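Sequential numbering from 2 applies to the sequence shown in our numbering.
Yeah, the Cβ is synthetic: ideal placement off N, Cα and C, and Gly gets one too.
A quick note: this is a predicted structure, and the numbers were derived from the prediction, not measured.
Notes for the one structure printed next.
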Amino acid sequence: MNVQVTMRYGHVNDAVRSYVERKFTRLGRRLADGTLVEVVLDREHNPKIPDDHVVEAEVHVKGPNVIAREAAPTYEAAVDLVVDKLERQIDRARDKANDRRRRAQGLKSIPVADEAPSGPGVAEEPAA
């Protein structure tokens, strides 16, 4: 799993970068090896917003990408919230795929009866 950490309008602190990479390794158990995770850190510059540290993450997986965005008073708290949200989304997507696969297997095992159509307008062959 490859984690790209960037910051809008600034430079990422090494302590924050290592924290983000360590937390996002939890997702590695749920994802393939070559999966790209893009993490963008941002800061709202409005003093009236108490949760001014924003973390956005996009996980590039097969099918639609998984995206999460959270805000908190610190980057660490926002990262924790984003990782939890992504874990739930990835688990849900995996469960849905497994359910679809199980239903498809169940439908394949049902035998189909070979019956001739009957009803009005269908001519029946006389018994010989």
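Thinking C-alpha only, which one of the options is nearest residue i?
i: Y20; options: D34, V4, R103; result: V4
i: R30; options: E88, H12, P51; result: E88
i: V40; options: G107, V62, V80; result: V80
What residue range is occupied by the uninterrupted beta strand (DSSP E) comprising residue i?
i: E71; result: 67-73
i: D43; result: 37-44
i: N3; result: 3-8
Whole angstroms are fine: how far does the CA of residue j sit from the CA of residue i?
i: V67; j: A105; result: 25 Å
i: N47; j: L32; result: 36 Å
i: R102; j: A78; result: 37 Å
i: M2; j: V38; result: 7 Å
i: L82; j: R23; result: 14 Å
i: K93; j: F25; result: It is Arg, not Lys, that sits at residue 93 in the sequence shown. Their backbone Cα atoms lie some 18 Å apart in a straight line.
i: Y76; j: A58; result: 13 Å
The alpha helix (DSSP H) that contains residue i, what's its start and end?
i: R23; result: 15-25
Keeping to the same chain, check which residues put their C-beta closer than 7 Å to that of residue i; ignore five residues upstream and five downstream.
i: P74; result: P51, D52, H54
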